[in-house]
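Sequence lines, in order, name chains A and V.
Counted the way the working numbering counts, the first sequence spans residues 3 to 500.
Counted the way the working numbering counts, the second sequence spans residues 3 to 500.
Just so you know, even glycine gets a beta-carbon here, dropped at the ideal spot from N, CA and C.
Just so it is clear, the structure is predicted and the values come from calculations on it, not from any experiment.
Here is the structure we will look at, set down as structure tokens.
There are 2 protein chains.
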Amino acid sequence: MPHERIRFAPLRDKVTDPASAARHVADGSNLFVSGFSPVGYPKLIPAEVAKRALAGEHLRINLYAGASTGEDLDDVLAEAGVVVWRRPYMAAKAMRQRINRGEILFKDDHLSFTSAQVRSGGLGSVDVAVVEALAINEKGHLIPTMSVGNTPTFVRQADKIIIEMTDACPMDLEGIHDIFIPEDPPYRMPIPIYRASDRIGKPYIEMDPHKVVAIVYSQERDHCPIFPPPDQGAHDIAAHILDFVEHEIKAGRMPKGLPWQSGVGDVANAVLLGFLENDFFHGLDLYSEVLQDAVLDLLDLGKVRHGSGSALTFSTRGQDRFIKELYRYKERVVLRPVEISNSPEVIRRLGVLSVNTALEIDIYGHVNSTHLWGSELMNGIGGSGDFVRNAALSFMVTPATGKGGKISRIVPMVTHVDHSEHSVDVVVTEFGLADLRNLSPRQAARAIIDNCAAPAYRDLLSDYLARATRQGGHEPHILEEVFSFHQRFLQTGDMRPA
Amino acid sequence: MPHERIRFAPLRDKVTDPASAARHVADGSNLFVSGFSPVGYPKLIPAEVAKRALAGEHLRINLYAGASTGEDLDDVLAEAGVVVWRRPYMAAKAMRQRINRGEILFKDDHLSFTSAQVRSGGLGSVDVAVVEALAINEKGHLIPTMSVGNTPTFVRQADKIIIEMTDACPMDLEGIHDIFIPEDPPYRMPIPIYRASDRIGKPYIEMDPHKVVAIVYSQERDHCPIFPPPDQGAHDIAAHILDFVEHEIKAGRMPKGLPWQSGVGDVANAVLLGFLENDFFHGLDLYSEVLQDAVLDLLDLGKVRHGSGSALTFSTRGQDRFIKELYRYKERVVLRPVEISNSPEVIRRLGVLSVNTALEIDIYGHVNSTHLWGSELMNGIGGSGDFVRNAALSFMVTPATGKGGKISRIVPMVTHVDHSEHSVDVVVTEFGLADLRNLSPRQAARAIIDNCAAPAYRDLLSDYLARATRQGGHEPHILEEVFSFHQRFLQTGDMRPA
Chain A
3 MPHERIRFAP
13 LRDKVTDPAS
23 AARHVADGSN
33 LFVSGFSPVG
43 YPKLIPAEVA
53 KRALAGEHLR
63 INLYAGASTG
73 EDLDDVLAEA
83 GVVVWRRPYM
93 AAKAMRQRIN
103 RGEILFKDDH
113 LSFTSAQVRS
123 GGLGSVDVAV
133 VEALAINEKG
143 HLIPTMSVGN
153 TPTFVRQADK
163 IIIEMTDACP
173 MDLEGIHDIF
183 IPEDPPYRMP
193 IPIYRASDRI
203 GKPYIEMDPH
213 KVVAIVYSQE
223 RDHCPIFPPP
233 DQGAHDIAAH
243 ILDFVEHEIK
253 AGRMPKGLPW
263 QSGVGDVANA
273 VLLGFLENDF
283 FHGLDLYSEV
293 LQDAVLDLLD
303 LGKVRHGSGS
313 ALTFSTRGQD
323 RFIKELYRYK
333 ERVVLRPVEI
343 SNSPEVIRRL
353 GVLSVNTALE
363 IDIYGHVNST
373 HLWGSELMNG
383 IGGSGDFVRN
393 AALSFMVTPA
403 TGKGGKISRI
413 VPMVTHVDHS
423 EHSVDVVVTE
433 FGLADLRNLS
443 PRQAARAIID
453 NCAAPAYRDL
463 LSDYLARATR
473 QGGHEPHILE
483 EVFSFHQRFL
493 QTGDMRPA
Chain V
3 MPHERIRFAP
13 LRDKVTDPAS
23 AARHVADGSN
33 LFVSGFSPVG
43 YPKLIPAEVA
53 KRALAGEHLR
63 INLYAGASTG
73 EDLDDVLAEA
83 GVVVWRRPYM
93 AAKAMRQRIN
103 RGEILFKDDH
113 LSFTSAQVRS
123 GGLGSVDVAV
133 VEALAINEKG
143 HLIPTMSVGN
153 TPTFVRQADK
163 IIIEMTDACP
173 MDLEGIHDIF
183 IPEDPPYRMP
193 IPIYRASDRI
203 GKPYIEMDPH
213 KVVAIVYSQE
223 RDHCPIFPPP
233 DQGAHDIAAH
243 ILDFVEHEIK
253 AGRMPKGLPW
263 QSGVGDVANA
273 VLLGFLENDF
283 FHGLDLYSEV
293 LQDAVLDLLD
303 LGKVRHGSGS
313 ALTFSTRGQD
323 RFIKELYRYK
333 ERVVLRPVEI
343 SNSPEVIRRL
353 GVLSVNTALE
363 IDIYGHVNST
373 HLWGSELMNG
383 IGGSGDFVRN
393 AALSFMVTPA
403 TGKGGKISRI
413 VPMVTHVDHS
423 EHSVDVVVTE
433 FGLADLRNLS
443 PRQAARAIID
453 NCAAPAYRDL
463 LSDYLARATR
473 QGGHEPHILE
483 EVFSFHQRFL
493 QTGDMRPA
């Protein structure tokens, strides 16, 4: 790569090879990497760090990112036995296994808090920041790539900075980012975003060039999975949500024009695709954490006017499409630090309509987003808590069953609560929707069982509810039986009795 | 009472007797009352409404307030069989019993949301608002008494307004209130509070005088319990918290001057009293939901510079003291609508240090604030979710045991989750404190058991943790045993094995 992407000339002599650069990551370091969802993370330095450990060097680090990264970062380091701590979120197989075995320490954080924790010193010193960059500008500041995450704070707080300069993204991406680091309490002022499209910062991350110890050139691109087209169930979930919001707007209980947030994954992507088949919604804004492939279609058709997020989690195909017509998309997309994309202040001010995916939901509306069988970490809460708690209306969605019907995702009590009944407004499965906002717990249970549970589980759930209700209480439960569905599955491989 | 408190002369002919005024509350009405905690609620009209029902009139209403009210409102109406729905919070015995029996419908809401729900029409029409008032000003606007709660929105949205004009509060209270109703999304602007003491609104509630259908004079005063002096346990909890915060500030991990919030109840009151014995803290601000008696001592000694809340929940003795020296206190206290006192935007901006009471806490830091044995409603979540989720640092406090040691308040898994591990920072009992911010779940369990559980329960909890950990998982649990402590108590009357 020519030096033209290092516009600040004094840094050009920092260019080196990945192995040499990785030498700055010492045993015992706190390593803070760019990246949010599997985009924008460094790809060469982690491999070199792993290589040293596999060659026998004693190398143990604490690893912090914006959220998840790619497997070529998280799993490569996890498999090399390098990682002591990982925060604040992950979604990689080897990392997950080791966390569940207790070999890697993990704490499941709300993503909106991490940057402030780092600035307060709560996570210790930022020994080394390894960040992917599009370029370094004339003043020595950093232009990120397809995500922002916590990178602005990592760069500000770092002792040493290593840069992976990639040419997988075109230089025209410059200008898509809006970097704003709020002051911390007690001197914080309002975050001045009044519309999802507002820009309040600078298009680059301020960086002290003296802290840059190495720059490596990279041709590595991000690898995100291509989502399969939504299945009928995801399609139905999307239709229930859009019909419901249309109905609320027409009934005068909700203004038009509230922005949407849609979580990560194929059901969330399907909800966005659902707008394509809907005639009511036009010119929407997205105020979300990640923007997925569906957003490109929505922008093309004018369904979405503007998209705000912390990462462009496009599939390889979506990246090509985005980059090819960047001139059309760039003015309508903004990438923000995650403490801004997920800011409770902004989410509540804008009145976001949020759609997030659950692992399981109980009859009273409590949601498990993170732990299978109460114990096994899946990925983490990510930003769902930031949105669910502060949204004007929060939808929690899940297919009604899993494992070919052997698991009901509607259960008497969830085995781990990430979002409580107090914050969950509407539960949705392919069978229908339960609007809990004006229901008592007993009424909520009735609605969730009747509207959302799979037919094969309705009698079982109704029987539980009836017997629990006879025992009494505002939110009736039979403590001996709350996890009977789960226990049956663990014993027989099916939540349904034989 | 002379007419001088009705400064807007055209309303003077609305003065009537309570029985006549109460006639405006019709069968099937949505009744919205002033009041937040047991202060500032109407006391005469509810009794008249109950009287009619007890005399045989068919009278069923939905009852909404700021939070709880006094027993002479909630229990009088509950016992008369008048209440269909009650929201968003309550703390009265007869009301609680009927809710737990399923005779009265209740949904446990975050208090910061109710006003916006009312404005959106989500709770239906505001047929009648019954509000306690200090006076009506020259322009026909309403001056509230010892609390604000949701009254500004109730008054704005009401079809009919009935006023209980009390002379139990001196006219000098005028000016203590700061009334600000934010615009609703998508047109909301930042809530411009940058310091706990900032005033952003008007000292009265805007009211259309044409909607006033009746005014009654009252001499009724608020009756709040006098808290007993803190016991040794509450004293120790307070000391742990203050020592910890002092240590964090001295270590440079926390700035000085963050405002405090302290929940309702005697432990919370004890924490505030703890400042009196502490030499490190001076000139603090409180950004809280309610202000209790301890605040008067703290103001007197300069420990607290300014207190902000939605209610002055003083004991009768505290009221007398406050009123007697109102001239000294008034400039240093502000009463706000609960959507402002509990605003997530403001709480996070100011960096509030929050202290809230739990019913029980589990070894991984999940908190039950509302439901005994998973089923029986105690009071409700109130504003604790608004604070715990957004505080710069959230303490959850509980005595380590209850019922003379027969109940451990530290358990393997709580039977109802109101605040999840993701939002709870520090767990405190009289035995000590567990700072969970940088601990994995297994480490958190170790810290909570060792530092916070009562010694008589530590081996039991450690045994559970050890066996669960052998089964594996990020947050190890044995589903068959998670509620074994609770089940043992329900069977034997003691959580400890014989």
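A direct Cα-Cα distance of roughly 16 Å separates A:V419 from A:F397. Around the Cβ of V:A82, a 10 Å sphere holds 16 or more other Cβ atoms; the residue is buried.
Ranked by Cα distance from A:I363, the options A:V348, A:I228, A:V306, A:P414 are led by A:P414.
Inter-segment contact for the segment 254 to 266 of chain A and the segment 286 to 298 of chain A is present: three or more beta-carbon pairs are separated by less than 8 Å. Neighbourhood of V:E378 in chain A, by CB distance below 9 Å: G474, G475, H476, E477, in chain order. Counting of Cβ neighbours within 10 angstroms places V:Q119 among the buried residues, the total reaching 16 or more. As a beta-bridge residue in DSSP terms, V:Q263 pairs with V:S356. The beta carbon of A:R255 sits closer than 7 Å to some beta carbon of chain V. Bounds of the beta strand (DSSP E) holding V:N32 are 32 to 35.
Non-local beta-carbon contacts of V:M256 in its own chain, meaning distances under 6 Å to residues more than five positions away in sequence, involve E250 in chain order. The Cβ neighbour count for A:K109, taken over all protein chains shown within 10 Å, is at least 16; the residue is labelled buried. In the displayed model, A:N453 falls within a helix according to three-state DSSP. Around the beta carbon of V:Y189, a 10 Å sphere encloses fewer than 16 other beta carbons of the protein chains shown; the residue is thus reported as exposed. Boundaries of the alpha helix (DSSP H) around V:E248: 234 to 252. For A:H421 and V:H421, the gap between their C-alpha atoms comes out near 8 Å. For a cut-off of 8 Å, the C-beta gap from V:L435 to V:F246 is around 6 Å, short enough to register as a contact. Using a Cβ-Cβ cut-off of 7 Å, A:V419 counts as an interface residue toward chain V, since at least one Cβ of chain V sits closer than that to its own.
Cβ atoms of V:V132 and V:I47 come within 8 Å of each other, at about 5 Å. Residues of chain V whose Cβ lies closer than 8 Å to the Cβ of A:S122 are, in chain order, R255, M256. Of all residues in the segment 171 to 192 of chain A, only P184, D186, P187, P188, Y189, R190, M191, P192 place a beta-carbon less than 9 Å from a beta-carbon of chain V. For A:Q234, the closest C-alpha among the options A:V269, A:M167, A:V340, A:A69 is that of A:V269. Comparing alpha-carbon positions, the option among V:G68, V:G124, V:P20 lying closest to V:I342 turns out to be V:G68.
The segment 326 to 337 of chain A and the segment 423 to 441 of chain A do not touch, with fewer than three beta-carbon pairs separated by less than 8 Å.
The straight-line gap separating the alpha-carbon atoms of V:P90 and V:S345 is approximately 16 Å.
The bridge partners DSSP lists for A:A131 are A:F34, A:I163. At least one beta carbon of chain V lies nearer than 7 Å to the beta carbon of A:Q489. Proximity to V:P172 across V:G124, V:T147, V:S317, V:E279 peaks at V:T147, based on C-alpha coordinates. Between the segment 8 to 15 of chain V and the segment 35 to 46 of chain V there are fewer than three C-beta pairs closer than 8 Å, too few to call the two in contact. For A:L374 and A:I101, the gap between their C-alpha atoms comes out near 14 Å. With a threshold of 7 Å between beta carbons, A:D110 makes contact with chain V.
Proximity of A:G259 to chain V, defined by a Cβ-Cβ separation below 7 Å, is satisfied. Every beta strand (DSSP E) of 3 residues or more that sits fully in the segment 206 to 230 of chain V is shown, in chain order, as 214 to 220. Against chain A, the beta carbon of V:H308 has no neighbour under 8 Å; the closest one sits roughly 13 Å away.
Using a 10 angstroms sphere on the CB of V:T155, the tally of other CB atoms reaches 16 or more, which defines it as buried. The three-state reading of DSSP puts V:G151 in strand, counting E and B together.
Just measuring C-alpha positions, the residue of A:G475, A:H479, A:A24 sitting nearest A:V215 is A:A24.
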